[in-house]
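Here the numbering used here is used: the first residue of the sequence shown is 178, the next is one more, and so on. C-beta atoms are modelled at their ideal positions from N, C-alpha and C, and glycine is treated no differently. See structure below.
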Amino acid sequence: MKNGFLKTAAVILSAAFTFTAVVAVNAQAQPHDLEEVFVPPSGRQTNTDFNMIEPYATEGGYRIKLSGTYYLNGMLRLASNTYIDATDATIICTKDGSKMVTQEDYYDTDIYQQSESEAKKALGGYNAVHDITIDGGTWVGTKNFSSNSMVKNGQKTGPNVFNFIHAKNITIKNATIYNVPNAHLIEFCGVKNGRIENCTLGCYKDEDGKMIKGYTTGDKKRAAIQLDACDSAANNRVAWPYDHTVCNNITIKNNYIWFYTGVQASEHSKKKTTNVRVTGNKFRCKKQFGWLGNTKKFKKSGNKTIKY
178 MKNGFLKTAA
188 VILSAAFTFT
198 AVVAVNAQAQ
208 PHDLEEVFVP
218 PSGRQTNTDF
228 NMIEPYATEG
238 GYRIKLSGTY
248 YLNGMLRLAS
258 NTYIDATDAT
268 IICTKDGSKM
278 VTQEDYYDTD
288 IYQQSESEAK
298 KALGGYNAVH
308 DITIDGGTWV
318 GTKNFSSNSM
328 VKNGQKTGPN
338 VFNFIHAKNI
348 TIKNATIYNV
358 PNAHLIEFCG
368 VKNGRIENCT
378 LGCYKDEDGK
388 MIKGYTTGDK
398 KRAAIQLDAC
408 DSAANNRVAW
418 PYDHTVCNNI
428 TIKNNYIWFY
438 TGVQASEHSK
448 KKTTNVRVTG
458 NKFRCKKQFG
468 WLGNTKKFKK
478 SGNKTIKY
């Protein structure tokens with residue numbers, strides 16, 4: 178939990194921008210009631226927007242309403258029981274090599290300071306974070322690598338735009354997500370009960386309603402949606418504990434995907450990705466699917482192909 182100073186500062190800044198205090202009200206959400214807060218955009222390409230949103234995101238228990246244009250110079254780390262309502266918002270990444278949304282950094286928590294066996298029990302499986310929803314918004318990722326990017330398969334590896342690990346009950350819906358250098362737009366790594374629904378991935382509509390392809394580069398093995406496994410540091414260095422947790426019970430529904438590959442599963446994981454339903458999507462892809470040989474109960478129906 179963030180200290181009182183950060184939370185107080187965020188409220189004061191919010192009031193200054195809107196000339197009125199932010200009023201917290203109860204809003205119904207599953208599985209718990211959340212406290213609603215509106216965070217206004219600063220209109221500046223500084224760290225202001227990030228510093229305004231971050232205290233609520235990392236504390237959890239909030240339904241965070243965004244409206245307008247925001248500039249993020251870092252990744253939002255979401256705690257359990259967080260709902261981001263970005264229906265009327267555009268969020269632009271301004272930091273090279275940065276994810277936009279991931280989960281709280283549990284490496285600095287008391288759990289991680291316990292014995293390795295206790296930490297694995299607390300953070301392994303699907304126990305790291307839970308009940309997170311991102312609803313709406315246009316999320317514009319970075320086009321650039323960081324100065325210390327990993328090299329994989331002979332190429333620099335960029336940041337995924339959205340990334341969740343060892344998690345359960347994760348929903349991304351009604352969002353537009355594009356721009357990524359040699360990475361995935363959404364990666365679920367060891368996620369149970371995940372939904373990606375009614376999203377536009379890898380592209381966006383211009384003012385005339387024409388679909389425009391976003392920026393992407395690098396290894397053709399990258400897919401718009403990656404269903405990965407928590408197997409090893411070589412596969413994914415931030416997926417500790419490496420207990421072979423795979424994705425289970427994933428729904429990918431009614432999305433428009435313009436990318437080289439649409440959806441792919443972990444290729445060499447010890448266990449198989451399971452219970453995946455891919456329905457009603459429009460794939461503007463060279464390949465709709467990749468690496469499905471290491472899956473079970475992977476169901477596809479009602480998907481359409483648009484010329485890549």
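Residue burial classification, residue i (beta-carbon count within 10 angstroms, cutoff 16)
i      : result
THR223 : exposed
ARG240 : buried
ASP385 : exposed
THR482 : exposed
GLY470 : exposed
ARG414 : exposed
GLU364 : buried
LYS242 : buried
VAL202 : Below a pLDDT of 50, predicted positions are generally treated as unreliable, and VAL202, at 33, falls in that range; the measurement from the model is reported next regardless. The residue is exposed, with fewer than 16 neighbouring Cβ atoms inside 10 Å.
ASP405 : buried
Whole-number beta carbon distance between residue j and residue i, since they are thought to touch under 8 Å
i      : j      : result
ASN356 : HIS307 : 28 Å between Cβ atoms; not a contact.
VAL338 : MET277 : 5 Å
ASP210 : SER244 : Not really, about 22 Å apart at Cβ, beyond 8 Å.
PRO418 : LEU300 : 6 Å
GLY251 : GLY335 : No, GLY251 and GLY335 are not in contact; Cβ-Cβ is about 16 Å, not under 8 Å.
8 Å CB neighbourhood of residue i in its chain, flanking five on each side removed
i      : result
LYS484 : ARG461
GLY220 : GLY245, THR246
ALA352 : ALA263, ILE311, ASP312, GLY313, GLY314, THR315, TRP316, CYS376, THR377
LEU362 : GLY318, ASN337, VAL338, PHE339, ILE354, TYR355, LEU378, GLY379, ALA401, ILE402, PHE436
ASN480 : VAL455, THR456, GLY457, ASN458, LYS459, PHE460, GLN465
LYS333 : PHE322, SER326, MET327, PRO358, ASN359, GLY395
Alpha-carbon spacing of residue i relative to residue j, whole angstroms
i      : j      : result
GLY318 : CYS380 : 11 Å
SER191 : LYS447 : Note on SER191: pLDDT 43, under 50, position unreliable in the model; no value is reported.
THR279 : GLU231 : 12 Å
SER324 : GLY274 : 8 Å
ILE389 : CYS376 : 15 Å
HIS343 : GLY439 : 22 Å
GLU281 : LEU378 : 24 Å
PHE475 : ALA410 : 26 Å
ALA360 : MET327 : 11 Å
GLN465 : ALA401 : 10 Å
ILE311 : GLY331 : 33 Å
THR422 : LYS459 : 29 Å
GLN403 : LYS329 : 16 Å
PRO218 : GLU236 : 20 Å
ALA416 : ALA296 : 13 Å
ASP383 : SER294 : 51 Å
THR271 : LYS430 : 30 Å
TYR433 : LYS350 : 12 Å
GLY302 : CYS407 : 9 Å
LEU253 : ASP226 : 11 Å
ASN258 : LYS387 : 36 Å
LEU374 : CYS366 : In the sequence as presented, Leu is not what sits at residue 374; that position holds Glu. The straight-line gap from Cα to Cα measures roughly 18 Å.
ASP420 : ASN412 : 13 Å
VAL216 : ASN370 : 29 Å
TYR260 : TYR233 : 10 Å
ARG228 : ILE309 : Rather than Arg, the amino acid found at residue 228 in this sequence is Asn. Distance between the alpha carbons of ASN228 and ILE309 is about 20 Å.
ALA206 : ASN426 : In this prediction, ALA206 scores a pLDDT of 37, lower than 50, which makes its location untrustworthy; the coordinate-derived value is nonetheless stated afterwards. If I take the Cα positions, the gap works out to 21 Å.
Contacting residues, own chain, Cβ-Cβ under 7 Å from residue i (five flanking each side not counted)
i      : result
SER478 : THR456
LYS320 : ASN356, PRO358, TYR392
GLU444 : TRP468, ASN471
ALA305 : GLN280, TYR283, ILE342, HIS343, ALA344
LYS298 : none
Residue span of the beta strand (DSSP E) that contains residue i, given as start and end
i      : result
MET388 : 388-390
TYR303 : Looking at the DSSP string, TYR303 is not in any beta strand (DSSP E), and its letter there is neither H nor E.
GLN403 : 400-405
ASN362 : Looking at the sequence shown, residue 362 is not Asn but Leu. Unbroken run through LEU362: none, as it is neither H nor E.
GLY457 : Element bounds for GLY457: n/a, residue is neither H nor E.
SER244 : 239-249
LYS476 : 472-478
TYR485 : Careful: TYR485 lies outside any beta strand (DSSP E) and carries neither H nor E.
CYS270 : 259-270
GLU213 : 211-215
PHE322 : Here PHE322 belongs to no beta strand (DSSP E), and DSSP marks it neither H nor E.
Boundaries (first-last residue) of the alpha helix (DSSP H) holding residue i
i      : result
ASP226 : 225-236
Contacting residues, own chain, Cβ-Cβ under 6 Å from residue i (five flanking each side not counted)
i      : result
LEU428 : Note that residue 428 corresponds to Thr in the displayed sequence, not to Leu. Closer than 6 Å at the Cβ level, and outside the excluded window around THR428, lie ARG372, ARG454.
VAL368 : PHE341, ALA344, ILE347, CYS424
LYS473 : LYS449, THR451
TYR437 : LYS397, LYS463
GLY467 : ALA400, THR438, GLN441
ILE269 : TYR248, VAL317
THR267 : THR246, THR315
ALA187 : Annotation note: pLDDT 45 at ALA187 (below 50); position unreliable, no value reported.
Within-7 Å CB hit, residue i to chain C
i      : result
ARG221 : Included in the structure is just one protein chain, with no chain C present.
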